[in-house]
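Inspection log for the structure reproduced underneath, given as structure tokens.
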Amino acid sequence: MTSPHKPELVCPAGTPASLRVAVDSGADAVYCGLQNATNARNFPGLNLTPYELEKSIEYAHLNGTKVLIALNTFPPAGQFSLWSDAVDLAHSLNADAIIVADIGVANYAKSKYPDLRLHLSVQAGAPSIEAIKFYTEEFDVKRVVLPRILTIPEIKSLKQEISCEIECFIFGNHGLMAEGRCSLTNYATGLSTNMDGVCSPANFVNYRVDADQSLHTELNGFTIDCFSCTQNPGYPTICKGRYHVAHREDSYYAFEEPLSLNLASLLPDLISAGVDAFKIEGRQRSKAYTQSVVSSWRKAIDTALDHGAINMDHLLSLTEGNKQTLGAYETKRWR
Amino acid sequence: MKILSRFFVDGYIHKAKLLKQLTRPIPLPLINYFLNFTLIKVVKKNSYLFNRLVGHHHKTFLIQITNLPFDLVLQPNPNSPHLYAKRKAVKFDADATISGSFLSLLGMIDGRFDGDALFFTRDLQIFGDTEAIVCLRNALDDMDKSLADEAASNFSPIGPYFLAMARRATKNNDIPS
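Residue numbers (my numbering), protein chains in the order written: chain A, 5 to 339; chain B, 4 to 180.
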């Protein structure tokens with residue numbers, strides 16, 4: 005395997021402390037968000053204030069790490085100023101790029117700050133040459149974060165046809181395959197993942213244990229799953245719930261299973277395919293997760309570039325439900 | 004001291020009965036003195052932590068330590084924070100409950116264990132006000148220095164010694180890291 009480039013390792017940070025851990029653990033870039041609806045991890049007590057962001061960017065830049073600001077939600081009518089203010093802030097703080105999904109936000113950033121680098125969020129859901137070309141030509145997008153629906157041969161083929169960099173998720177959440185378009189949380193709670201930035205808002209989540217130690221997870225009164233005492237639970241998201249459906253006797257995972265993406269075994273192939281950046285999901289996770297996952301992937305990427313063997317079995321303990329998948333990267337029939 | 008060290012390091016700390024027996028004779032006032040002293044020191048140094056708990060300062064958190072004879076109650080009010088131990092038999096109606104073994108909970112506040120991973124293996128359970136718990140988790144996780152380190156350093160040299168033993172014990176056990 006020969007690789008003309010060294011892919012960037014892009015890591016999550018939900019707090020200033022975890023950002024510093026990501027930087028210290030070998031991240032090439034860290035992505036984070038503000039404490040409002042402008043990003044898709046608008047969770048309680050998470051994310052950074054403008055002051056924290058300023059100090060965090062200073063720390064990252066001092067250590068040679070880039071900071072990417074996630075502004076990857078869709079402004080509802082009449083509320084655009086929250087997003088445009090965030091773009092202004094990102095530019096004033098010398099962020100290395102902003103990650104956008106909405107064409108209005110992209111257009112504002114491109115028009116007002118031609119020097120501000122734009123990345124296209126996975127939330128934009130752009131999997132085709134035509135869609136990506138639209139964003140590169142209209143908004144000068146420099147990098148696209150690919151939806152998790154493409155095989156490696158498809159990624160390789162795509163890379164040869166587009167002018168921008170590509171970024172792929174390699175570890176973490178393996179979400180529903182309609183990113184930026186999912187309305188399941190909205191249906192159950194009235195809040196939107198894509199506009200409010202909250203998938204399964206915590207104030208609607210309830211856990212209950214039965215006498216037999218079965219764990220029930222509920223979202224605003226809807227039962228999402230029930231785990232026996234020998235089963236490992238996952239996140240309380242509707243897309244990863246177990247349901248009764250007409251053609252089956254037992255309840256089953258109708259959309260997705262609670263598990264995580266882990267592409268360690270495909271890393272050399274992804275590098276060969278020309279992927280420019282590898283992204284780790286998990287801004288909502290702890291700094292213990294950040295330290296363990298970032299340092300492991302730093303070592304794995306460096307090892308892969310040196311044609312060494314990669315072993316990432318230890319990361320299984322950090323995966324959702326203690327299960328992992330190669331997802332669509334290996335085959336379209338990943339279930 | 005060597006025997007005590009071996010007791011922890013060999014993982015016997017997970018044996019609930021033994022740990023409960025070891026800690027049962029400790030009088031609650033002594034534990035509460037330690038907790039109150041620690042809380043005052045930590046809050047003084049890290050007052051910014053309360054910013055991530057806005058809207059939940061008045062909430063009460065019951066921290067059930069499954070293998071100790073007592074639980075903890077926390078109210079993160081910046082003006083008058085409370086942290087105290089109570090016997091398990093004493094009923095308490097908390098807004099939010101966090102339940103786990105001593106080493107699991109210690110590993111979390113020590114910044115070595117990921118709370119979500121503990122939840123996935125059911126080493127950690129949460130009930131009640133999920134949003135308040137998420138905020139508390141995020142607030143504690145924003146500390147650069149380990150909360151366990153800060154607490155232990157207030158009782159040098161015994162505190163750091165026991166913390167080191169507990170860390171070695173968790174390394175020898177199957178808790179996600």
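Just so you know, even glycine gets a beta-carbon here, dropped at the ideal spot from N, CA and C.
Pairwise C-alpha distance: residue j and residue i
| i | j | result |
| --- | --- | --- |
| Ala-74 (chain A) | Ile-34 (chain B) | 44 Å |
| Tyr-117 (chain A) | Asn-76 (chain A) | 17 Å |
| Pro-179 (chain B) | Leu-263 (chain A) | Residue confidence is low: Pro-179 (chain B) scores 49 on pLDDT, short of 50, so the model does not pin down where it sits. Its coordinate-derived value is still stated next. The alpha-carbon atoms of Pro-179 (chain B) and Leu-263 (chain A) are separated by roughly 16 Å. |
| Trp-87 (chain A) | Tyr-51 (chain B) | 26 Å |
| Ala-258 (chain A) | Phe-175 (chain A) | 23 Å |
| Trp-338 (chain A) | Leu-330 (chain A) | 7 Å |
| Asn-51 (chain A) | Leu-25 (chain B) | 41 Å |
| Ala-206 (chain A) | Ala-215 (chain A) | 24 Å |
| Asn-198 (chain A) | Gly-82 (chain A) | 16 Å |
| Tyr-247 (chain A) | Pro-20 (chain A) | 39 Å |
| Tyr-55 (chain A) | Arg-287 (chain A) | 19 Å |
| Ile-159 (chain A) | Pro-48 (chain A) | 35 Å |
| Ala-120 (chain B) | Asp-280 (chain A) | 29 Å |
| Thr-221 (chain A) | Lys-114 (chain A) | 43 Å |
| Gly-129 (chain A) | Phe-138 (chain A) | 13 Å |
| Pro-160 (chain B) | Ala-167 (chain B) | 11 Å |
| Pro-157 (chain A) | Cys-186 (chain A) | 27 Å |
| Gln-127 (chain A) | Asn-40 (chain A) | 17 Å |
| Ser-7 (chain A) | Arg-302 (chain A) | In this predicted model, Ser-7 (chain A) has a pLDDT of only 49, less than 50, meaning its place in the structure is not dependable; the value taken from the coordinates is given anyway. Cα to Cα, Ser-7 (chain A) sits roughly 16 Å from Arg-302 (chain A). |
| Met-5 (chain A) | Thr-307 (chain A) | Unreliable positioning characterises Met-5 (chain A) in this predicted model, as indicated by a pLDDT of 46, which lies under 50. A coordinate reading is not provided. |
| Phe-116 (chain B) | Ser-22 (chain A) | 13 Å |
| Pro-211 (chain A) | Gly-225 (chain A) | As written in the sequence, residue 211 (chain A) is Tyr, which differs from the Pro given in the question. One C-alpha to the other measures close to 11 Å. |
| Gly-184 (chain A) | Ala-332 (chain A) | 18 Å |
| Ser-321 (chain A) | Ile-275 (chain A) | 25 Å |
| His-61 (chain B) | Phe-78 (chain A) | 33 Å |
| Leu-31 (chain B) | Pro-163 (chain B) | 22 Å |
| Asn-98 (chain A) | Ile-61 (chain A) | 8 Å |
| Val-76 (chain B) | Asp-273 (chain A) | 51 Å |
| Pro-11 (chain A) | Ala-277 (chain A) | 11 Å |
| Leu-109 (chain B) | Gln-67 (chain B) | 12 Å |
| Tyr-87 (chain B) | Phe-105 (chain B) | 16 Å |
| Ala-17 (chain A) | Asn-70 (chain B) | 33 Å |
| Ile-136 (chain A) | Tyr-112 (chain A) | 18 Å |
| Ala-345 (chain A) | Ser-196 (chain A) | Outside the displayed range of chain A (5 to 339) lies residue 345 (chain A), so it cannot be described from this structure. |
| Ala-110 (chain A) | Leu-319 (chain A) | 35 Å |
| Ala-155 (chain B) | Thr-294 (chain A) | 24 Å |
For residue i, the nearest candidate out of the options (CA to CA)
| i | options | result |
| --- | --- | --- |
| Lys-244 (chain A) | A:Thr-53, A:Asn-236, A:His-251 | A:Asn-236 |
| Lys-291 (chain A) | A:Glu-12, A:Val-145, A:Asp-28 | A:Asp-28 |
| Leu-122 (chain A) | A:Ile-133, A:Ala-135, A:Ser-132, A:Ile-107 | A:Ile-107 |
| Tyr-35 (chain A) | A:Glu-285, A:Ser-299, A:Leu-320 | A:Glu-285 |
| Val-25 (chain A) | B:Met-146, B:Asp-126, B:Leu-86 | B:Met-146 |
| Lys-48 (chain B) | B:Phe-165, B:Lys-94, B:Glu-153 | B:Glu-153 |
| Gln-164 (chain A) | A:Asn-266, A:Gly-201, A:Ser-300, A:Glu-134 | A:Glu-134 |
| Asn-326 (chain A) | B:Gln-78, B:Lys-23, B:Pro-81, B:Arg-125 | B:Arg-125 |
| Val-104 (chain A) | A:Ser-96, A:Pro-131, A:Ala-90 | A:Ala-90 |
| Thr-193 (chain A) | A:Cys-186, A:Lys-336, A:Val-298, A:Ser-204 | A:Ser-204 |
| Asp-132 (chain B) | B:Leu-166, B:Ile-101, B:Ala-172, B:Ser-149 | B:Ile-101 |
| Gly-238 (chain A) | A:Ser-161, A:Leu-219, A:Arg-252, A:Thr-140 | A:Leu-219 |
| Thr-323 (chain A) | B:Gly-118, B:Ser-149, B:Ile-136 | B:Gly-118 |
| Ser-107 (chain B) | B:Arg-170, B:Arg-90, B:Leu-65 | B:Arg-170 |
| Val-45 (chain B) | B:Pro-30, B:Ala-142, B:Thr-173 | B:Ala-142 |
| Arg-45 (chain A) | A:Phe-208, A:Leu-223, A:Gly-201 | A:Gly-201 |
Within chain B, the residues that residue i reaches when beta carbons sit closer than 8 Å
| i | result |
| --- | --- |
| Lys-291 (chain A) | Gly-114, Asp-144 |
| Asn-236 (chain A) | Phe-123, Thr-124, Arg-125 |
Closer than 7 Å at the beta carbon, the chain A residues around residue i
| i | result |
| --- | --- |
| Glu-134 (chain B) | Pro-48, Ala-206, Asn-207 |
| Ile-129 (chain B) | Tyr-211 |
| Val-137 (chain B) | Phe-47, Pro-48, Gly-49, Ala-206 |
Interface residues of chain A facing residue i [CB-CB closer than 8 Å]
| i | result |
| --- | --- |
| Asp-96 (chain B) | Within 8 Å Cβ-Cβ: nothing; Asp-96 (chain B) doesn't reach chain A, min ~16 Å. |
| Arg-170 (chain B) | Simply none; closest approach about 13 Å. |
| Asn-141 (chain B) | Gly-18, Thr-19, Phe-47, Pro-48, Gly-49, Leu-50 |
| Asp-147 (chain B) | Ala-21, Arg-24 |
Residue i: CB within 6 Å of a non-hydrogen atom of the ligand GDP
| i | result |
| --- | --- |
| Ala-105 (chain A) | Although the ligand GDP was asked about, the structure shown includes no ligands whatsoever. |
For residue j and residue i, believed in contact at Cβ under 8 Å, the rounded distance
| i | j | result |
| --- | --- | --- |
| His-178 (chain A) | Glu-260 (chain A) | 7 Å |
| Thr-63 (chain B) | Asp-113 (chain B) | That pair is no contact at about 24 Å. |
| Leu-270 (chain A) | Glu-334 (chain A) | 7 Å |
| Gln-128 (chain B) | Val-213 (chain A) | 7 Å |
| Ser-119 (chain A) | Thr-69 (chain A) | According to the sequence displayed, residue 119 (chain A) carries Asp and not Ser. Actually they do not touch by this definition, with Cβ atoms about 20 Å apart. |
| Lys-89 (chain B) | Phe-73 (chain B) | 6 Å |
Per-residue contacts from residue i into chain B (C-beta, under 7 Å)
| i | result |
| --- | --- |
| Gly-325 (chain A) | Phe-123 |
is_contact[residue i, chain D] using C-beta, thresh 7 Å
| i | result |
| --- | --- |
| Glu-141 (chain A) | Structure shown: chain D not included; protein chains present are A and B. |
Any residues in the region 16 to 49 of chain A with a beta carbon nearer than 8 Å to a beta carbon of chain B? Which ones, in chain order? If the cut-off is 8 Å between Cβ atoms, the region 16 to 49 of chain A has Gly-18, Thr-19, Pro-20, Ala-21, Ser-22, Arg-24, Phe-47, Pro-48, Gly-49 near chain B.
Residues from the region 36 to 63 of chain B in contact with chain A, defined by Cβ distance under 7 Å: Flagged, chain order: Arg-55, Leu-56.
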